[in-house]
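I have placed the structure first, in the form of structure tokens, so that the comments after it can refer back to it.
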Amino acid sequence: MREEARRSLLLTGLSYPLFIAGIILLFTAITVPGAVLLGSGVFLIGINELCVYIARTGPVPRGMDR
102 MREEARRSLL
112 LTGLSYPLFI
122 AGIILLFTAI
132 TVPGAVLLGS
142 GVFLIGINEL
152 CVYIARTGPV
162 PRGMDR
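Written as structure tokens, this is what we have:
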């Protein structure tokens, strides 16, 4: 039996704002020195959280549903 995937409120609350902040910082990086590194890091953290969430809540692979 597969356990229900639960996500902490902190991760849920941070993922989407980090993703949006990363995109905004990447677009403003042209005018702000060093913002491209900050924006890339924030963007990757947001993407990582979303991917972990999708992986945990995805369907059970075939043969693993026992």
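Per this note's numbering, the sequence shown starts with residue 102, numbered consecutively. C-beta atoms are modelled at their ideal positions from N, C-alpha and C, and glycine is treated no differently.
Residue span of the alpha helix (DSSP H) that contains residue i, given as start and end
i, result
"glycine 147", "136 to 158"
CB-CB length for residue i against residue j, believed under 8 Å
i, j, result
"glycine 123", "glycine 140", "5 Å"
"isoleucine 146", "leucine 119", "5 Å"
Distance cut-off 7 Å: residue i Cβ against heavy atoms of the ligand MG
i, result
"leucine 126", "As presented, the structure is devoid of all ligands, the ligand MG included, so that no description of it is given."
Residue i (DSSP reduced to helix, strand or coil)
i, result
"threonine 132", "coil"
"methionine 102", "Caution is warranted here: a pLDDT of 44 is assigned to methionine 102, below 50, making its placement in the model unreliable, and no coordinate value can be reported."
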